[in-house]
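*Asks:* Could you have a look at this structure, given as structure tokens, before my questions?
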Ligand code: PEP
Ligand code: MG
């Protein structure tokens, strides 16, 4: 078909879209080139007003954590109104746009019932009104408004332009919110009593001071922080630059024989940038003003890179990425010198974009009072670790202004998944009271430490602990743990910079086995992959939870597996309280292969002259296929242990770390309950015991069901142990079975939760309801 034909058949509206697209592109480019969010908003309103030939364009932002809008930029209204005009979602037409989360287009705005007049804007002269919401993942972040003096209805082109712009800028606004820039703009300072909501990750209340965990390789994630010692930071910065200069010189020398002379000149550009006054003195000046060196470097590099990006010359524009690369290199040098100098607050609340289990493990437990992560959910490993340590955690707090929380006073409400920033005296008092009550409850529960976990009708339900830390040993023994039901060996692997040797592993495992001797200690073989990468064994996959994880990795790496098994068996010599556990088994063949390797390791050790008692061997039931294969698997081992954290994720197809779908992650979902019953029946047919070691066993309501289904033991976080014991001691087998039968008939997880919570209250355990999830 010839081009003319093409033209002739194009729909008229497609032709109309061309100029619209170009206009849009020009606006987006201009906004993107702005130096700061404030500047970007000003550019936006100016450009939109010109493009649409309207009298007014204004931008309102939502205050994070509130249903309140603030006028942030305007072209056409009185500039003095910026920051002053504020309205709740149920006020005015702008509020209406936010409330409905859809455009409002009116030719005669003052006639509308929701019209509200703000004298400081001089608004009475405007009749036509078009407002569109700026939405990111269902949440309204702001409202973009155009107004006209005359009464007119805005046409489809204007609505389309504004709506498309709103979509394009939503991501940038969300980022500004995350970095704390929105808050800075809104108030200049953080407001008091600001509430950020997320998901309860670990129950409890923590009151302390923010400490930001950041990725050391990402300049943009560096938090604001005060310089501890200005002179030392300037010096450290200059030394870091010098180190990078030497690094670049070394690279250049290596390239002499490989690159032609003119290409080598590239490195001269690097050297020139490194020597630039702008970079060196600009950063030093920021440090002199009180910023710590990494944040001073961050701001200088941003500004410098932006200057290159705005250049006409395409070659020079490309230099922006070079300056960012240099920034990262200087940062790496710098952090090795300055990061350890800033002392950890006495009562630290660890904050981060995506706090990792390793970052949490780095903080001395006696100083850690709370954890807040913008990503993740209550099933993330960092949340599990927090629960094991009894530290309140909030996960998936999406609008967390991470960059602004260093050194701020914070209250972490791990029950309801809320973070209070700079709480006022009333909020503080309320949470102090709650924390006191919590302490009293746990003091009361401590009285149960020496008591057996016997049901009122005399059935003993051993309660073990889940751990990955040696630090848990003492508290676990104090609470009366019957042993370790799950030791996650990946944690000691995660806090190192290389695979631990066989000797190092023997020493760690031996400490666990002897500390709990003669009680059993379940050591699970390495379960890396998913959300547990090892820094020195990078795995990058599109779907890590469905990928190379757990036993799949270790069967592919018999070297790693055999070393670990040998270490476990050696640690058990003379003790004989080891239980080995294989994670992520999805087929009988995997189990057989793992058993073969285990037998081989034992044989090798015997040949080396060691006396090796045969360990108990078990399989995790955490992949749905293992539920259906429970009997076959159980016949080949000594016991099964259900990992509900993964089982729920795989059964319900809900990523355990994705806060966006956290509402769908329902351990009391009828399908999960059926699977639990089926796994139990499979184990029984094979005549083997079955335990639960997932977090569900720490949930007081779920414990009633596990009792009712006749599970043989529970493994829970140390912090939840006495609570679970209280439940066991309060529900007879008969009552638990009756409640389970009733629960299995229900089709809605909320009804199951209600039924069990009511039973807890009726049994006088109402204080535990708070610790349960949805
Ligand atoms: C589980 O999946 O329930 C489990 C106990 O293992 P992890 O949380 O370490 O994946
Ligand atoms: Mg698991």
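In UniProt numbering, the protein residues as written are 1 to 774.
Glycine residues also receive a C-beta, built at the ideal position from the N, C-alpha and C atoms.
1. I need the boundaries of the alpha helix (DSSP H) containing residue 741, first residue and last residue.
2. Go through its chain and collect everything with a Cβ distance to residue 706's Cβ below 7 angstroms, but skip five positions before and after it.
3. Can you find a heavy atom of the ligand MG that lies under 7 angstroms from the Cβ of residue 657?
4. I want to check one thing, is the minimum distance from the CB of residue 622 to the heavy atoms of the ligand MG below 7 angstroms?
5. Secondary structure at residue 526, three-state DSSP: helix, strand or coil?
6. With a cut-off of 8 angstroms on the beta carbons, I'd call residue 481 and residue 465 a contact; round off their distance for me.
7. Taking 7 angstroms as the limit between beta carbons, can you name the residues of its chain near residue 711, skipping five residues before and five after?
8. Using the Cα positions of residue 159 and residue 117, report the straight-line distance between them to the nearest angstrom.
9. Pairing CB atoms from the segment 581 to 589 with CB atoms from the segment 613 to 633, are three or more of them under 8 angstroms?
10. Just to check my reading of the structure: residue 197 and residue 65 have Cβ atoms closer than 8 angstroms, yes? What is that Cβ distance to the nearest angstrom?
11. Which same chain residues end up closer than 7 angstroms to residue 514 when comparing Cβ atoms and leaving out the 5 residues on each side of it in sequence?
12. In chain order, what are the residue ranges of uninterrupted alpha helix (DSSP H) at least 4 long that sit wholly in the segment 360 to 398?
13. Inspect the beta-carbon positions of residue 296 and residue 286 and report whether they are closer than 8 angstroms.
14. In the structure shown, what three-state DSSP assignment does residue 417 receive?
15. Check whether the Cβ atoms of residue 404 and residue 195 sit closer than 8 angstroms, and answer yes or no.
16. Would a C-beta distance cut-off of 8 angstroms place residue 565 and residue 610 closer than the cut-off?
17. Could you give the uninterrupted runs of the beta strand (DSSP E) lying entirely in the UniProt domain "GAF" (36 to 183), keeping only those of 3 residues or more?
18. Look up residue 584 in the DSSP assignment and say whether it is helix, strand or coil.
19. For the alpha helix (DSSP H) that contains residue 665, what are its first and last residues?
20. For the ligand MG, I want to know if residue 583 counts as a neighbour, meaning its beta carbon is within less than 7 angstroms of at least one of the ligand's heavy atoms.
21. May I ask you to verify whether the segment 720 to 728 touches the segment 749 to 759, counting CB pairs closer than 8 angstroms and requiring at least 3?
22. Which residues end up in the neighbourhood of the ligand PEP when you take C-beta atoms closer than 6 angstroms to any of its heavy atoms?
23. Within the chosen definition, does the segment 50 to 59 reach the segment 70 to 89 through at least 3 CB pairs nearer than 8 angstroms?
24. Let me confirm a value: residue 674 is counted as buried when at least 16 other C-beta atoms fall within 10 Å, else exposed. Which label applies?
25. According to DSSP, is residue 422 helix, strand or coil?
26. Using only CA atoms, which one of 525, 708, 382 lies nearest to residue 213?
27. Ends of the alpha helix (DSSP H) at residue 300?
28. Pair every Cβ in the segment 743 to 755 with every Cβ in the segment 520 to 531, then say whether three or more of these pairs are closer than 8 angstroms.
29. If we ignore side chains and look at the alpha-carbon of each, how far apart do residue 572 and residue 595 end up?
30. List the whole-angstrom C-beta distance separating residue 373 from residue 200, where the pair is believed to meet the contact cut-off of C-beta under 8 angstroms.
31. For residue 371 and residue 391, which I take to be in contact (beta-carbon distance under 8 angstroms), what is that distance rounded to the nearest angstrom?
32. Could you give the C-beta distance for residue 134 and residue 144, rounded to a whole number, given that I count them as a contact under 8 angstroms?
33. Cα separation between residue 544 and residue 52?
34. Report the three-state DSSP secondary structure of residue 191 (helix, strand or coil).
35. Identify every run of the beta strand (DSSP E) within the segment 463 to 526, keeping only runs that are complete inside it and at least 3 residues long; order them along the chain.
*Replies:* To lay it out plainly:
1. 733 to 745 is the span of the alpha helix (DSSP H), which, as asked, contains residue 741.
2. Sequence-distant partners of residue 706 (beyond 5 residues in either direction) whose C-beta falls short of 7 angstroms from its own C-beta, in its chain, are 692, 697, 714.
3. Flag unset: Cβ of residue 657 not near the ligand MG.
4. Yes, since a heavy atom of the ligand MG falls inside the 7 angstroms radius drawn around the Cβ of residue 622.
5. Collapsing the DSSP output to three states places residue 526 in coil.
6. Confirmed, about 4 angstroms.
7. Correct list, in chain order: 680, 690, 691, 692.
8. About 23 angstroms.
9. At 8 angstroms Cβ cutoff, the stretches touch.
10. Their Cβ separation, rounded to whole angstroms, is 7 angstroms, which keeps residue 197 and residue 65 in contact under 8 angstroms.
11. Same-chain partners within the cutoff: 575.
12. Counting only runs of 4 or more residues that sit fully inside the segment 360 to 398, the alpha helix (DSSP H) segments are 381 to 389, in chain order.
13. Annotated as proximal: residue 296 and residue 286, with beta-carbon spacing under 8 angstroms.
14. Reduced to three states, the DSSP call for residue 417 is coil.
15. Their beta carbons are not under 8 angstroms apart, which means residue 404 does not touch residue 195 by this criterion.
16. Taking 8 angstroms as the Cβ cut-off, residue 565 and residue 610 do not qualify as a contacting pair.
17. Taking only runs of at least 3 residues, the beta strand (DSSP E) segments lying wholly in the UniProt domain "GAF" (36 to 183) are 56 to 62, 68 to 75, 86 to 88, 104 to 106, 128 to 136, 139 to 148.
18. In the structure shown, residue 584 sits in coil (DSSP, three-state: anything other than H, G, I, E or B).
19. Per DSSP, residue 665 lies in no alpha helix (DSSP H) segment and is marked neither H nor E.
20. Within the chosen limit of 7 angstroms, the ligand MG reaches the beta carbon of residue 583 through at least one heavy atom.
21. Contact between the segment 720 to 728 and the segment 749 to 759 is absent, because fewer than three Cβ pairs lie under 8 angstroms.
22. Listed along the chain, these residues meet the criterion: 384, 486, 488, 527, 622, 643, 644, 645, 646, 693, 694.
23. Flag = yes, the segment 50 to 59 and the segment 70 to 89 touch.
24. By the 10 Å Cβ count, residue 674 comes out exposed.
25. In the structure shown, residue 422 sits in coil (DSSP, three-state: anything other than H, G, I, E or B).
26. The residue among 525, 708, 382 with its C-alpha nearest the C-alpha of residue 213 is 382.
27. Per DSSP, residue 300 is one residue of the alpha helix (DSSP H) stretching across 293 to 309.
28. The segment 743 to 755 is not in contact with the segment 520 to 531.
29. Using only the alpha carbons, I get a separation of about 17 angstroms.
30. With a Cβ gap of about 12 angstroms, residue 373 and residue 200 do not count as contacting.
31. Contact check for residue 371 and residue 391: beta-carbon distance about 6 angstroms, within the 8 angstroms limit, so the pair qualifies.
32. Contact flag correct, Cβ pair sits at about 6 angstroms.
33. When rounded, the distance between both Cα atoms is 47 angstroms.
34. A caution first: residue 191 carries a pLDDT of 44, below 50, which makes its placement in the model unreliable, though a value can still be read off. DSSP, read as helix, strand or coil, puts residue 191 in coil.
35. List check, beta strand (DSSP E) in window: 463 to 467, 484 to 488, 521 to 524.
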